[in-house]
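Under the UniProt record's numbering, think of the first position of the sequence shown as 1, with each following residue one higher. First comes the structure, then the notes that go with it.
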Amino acid sequence: MTADGSNPLISVQPNALKFVFELEKPSFCDLKVVNNTEHYVAFKVKTTSPKKYFVRPNTGVVQPWDSSVIRVTLQAPREYPPDMQCKDKFLLQSTIVPPNTDVDDLPADTFNKESTKEIQECKLKVFYVTPSSLGNSEDEGFKSYSDQAPDSNSAVQQLKDERDAAVRQTLQLQQELDFLKRRRHRRNDTGFSLKFALIVGLIGIMVGLLLNFSFSSSLSSPAAVPTVETTTSPVEPSTTEGIETPL
């Protein structure tokens, strides 16, 4: 409940900010802001020591029945406070805004108390704890953070597993695609070789037929017999008349 008795627009967990205090080392604390209404609710974080703390986001819009996490970081301190007591305080303001409002669309006077809209406020104290007392502390903020850490780790691991599965599936699909391309290429090469062999075979058959036809034609035609002209000279008859035979 708020100071005026109305139902709170948002609830904050934990209800105090506790930091592990170490010199020269920053520390942080997470706040979970839950929207308890069916409206869009804007919030803003203020502190009495803005130079000591880093708040992100310091302004935001929470959708109906949704939540948001605010991280408050204590800058690395240079000296210990007296008796480890901290007087710093935080103020969380909240108000209803129109539906689908974005944080960049918030007017400058959204959290101005002089406006007619209702602005609720929640005050948060700050505590410092030493690292030695952290192990024995039953702080709700640290417990809730520790309880959420395994869930966060499991969620991160699940996302990594899904990413790895997607990568493996992509590689498998790429291998199947390369196999189909190589298979198609081999089919094209085989078809070309068969066509080329068929064409060469047909050309060989045609050449053989032409040679066979030419050879057959040469055998069927009659061979020309060469003619030899012979001339006979007349032989004169030998006579013994007028020849005397010696005794």
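Positions of the beta carbon are idealized from the N, C-alpha and C atoms, including for glycine.
Between which residues of its own chain and residue i is the CB-CB distance below 6 Å, once the five residues before and five after are set aside?
i	result
Thr48	Asp88 and Lys89
Val97	Tyr40 and Ala42
Measuring straight from C-alpha to C-alpha, what distance separates residue i and residue j?
i	j	result
Val200	Phe213	20 Å
Asp30	Gln172	42 Å
Phe21	Val103	32 Å
Leu177	Ala166	16 Å
Glu162	Val34	29 Å
Phe68	Glu79	Position check: residue 68 holds Ser in this sequence, whereas Phe was assumed. Looking at the two C-alpha atoms, the distance is approximately 33 Å.
Pro50	Ala76	14 Å
Phe127	Thr101	34 Å
Lys117	Gln157	44 Å
Asn7	Arg168	51 Å
Lys125	Asp164	44 Å
Glu38	Phe19	33 Å
Pro226	Ser216	The pLDDT assigned to Pro226 is 49, lower than 50, so where the model puts this residue is not dependable; a value taken from the coordinates is nonetheless given after this. Cα-Cα distance, rounded: 23 Å.
Gln63	Val55	20 Å
Gln85	Ser11	26 Å
Ala16	Gly60	20 Å
Gln175	Phe196	32 Å
Lys113	Glu121	11 Å
Asp66	Lys160	26 Å
Met206	Lys181	38 Å
residue 248	Leu202	One cannot answer for residue 248 here, as it falls past the ends of the chain, which runs 1 to 247.
List the residues that DSSP assigns as beta-bridge partners of residue i.
i	result
Gly204	The partner list for Gly204 (beta bridge, DSSP) is empty, contrary to what the question assumes.
Leu74	Ser27 and Tyr53
Cys122	Leu92
Leu213	Per the sequence shown, residue 213 should be read as Phe rather than Leu. The partner list for Phe213 (beta bridge, DSSP) is empty, contrary to what the question assumes.
Gln169	Paired residues: none, contrary to the question.
Asn35	Ile10
Phe127	Lys18
Ser67	Val34
Val97	Tyr40
Starting from residue i and walking both ways along the beta strand (DSSP E), at which residues does that stretch end?
i	result
Tyr80	Where Tyr80 is concerned, there is no enclosing beta strand (DSSP E), given that its DSSP letter is neither H nor E.
Val45	Tyr40 to Thr47
Ala16	Ala16 to Val20
Ile63	The question names Ile, yet the displayed sequence has Gln at residue 63. Looking at the DSSP string, Gln63 is not in any beta strand (DSSP E), and its letter there is neither H nor E.
Val12	Ile10 to Gln13
Output needed for residue i: all residues of its chain with C-beta closer than 7 Å, excluding positions within five of it in sequence on either side, in chain order.
i	result
Asn58	Lys44 and Val45
Thr170	none
Pro26	Thr73, Leu74, Gln75 and Ala76
Pro99	Tyr40
Grab me the residues of residue i's own chain with a C-beta within less than 8 Å of its C-beta, minus the 5 sequence neighbours each way, in chain order.
i	result
Phe28	Phe19, Arg71, Val72, Thr73 and Leu74
For the ligand MG, I want to know if residue i counts as a neighbour, meaning its beta carbon is within less than 7 Å of at least one of the ligand's heavy atoms.
i	result
Ser214	This structure simply doesn't include the ligand MG, nor any ligand for that matter.
Is there contact between the region 127-134 and the region 104-116, where contact requires at least three CB pairs shorter than 8 Å? no
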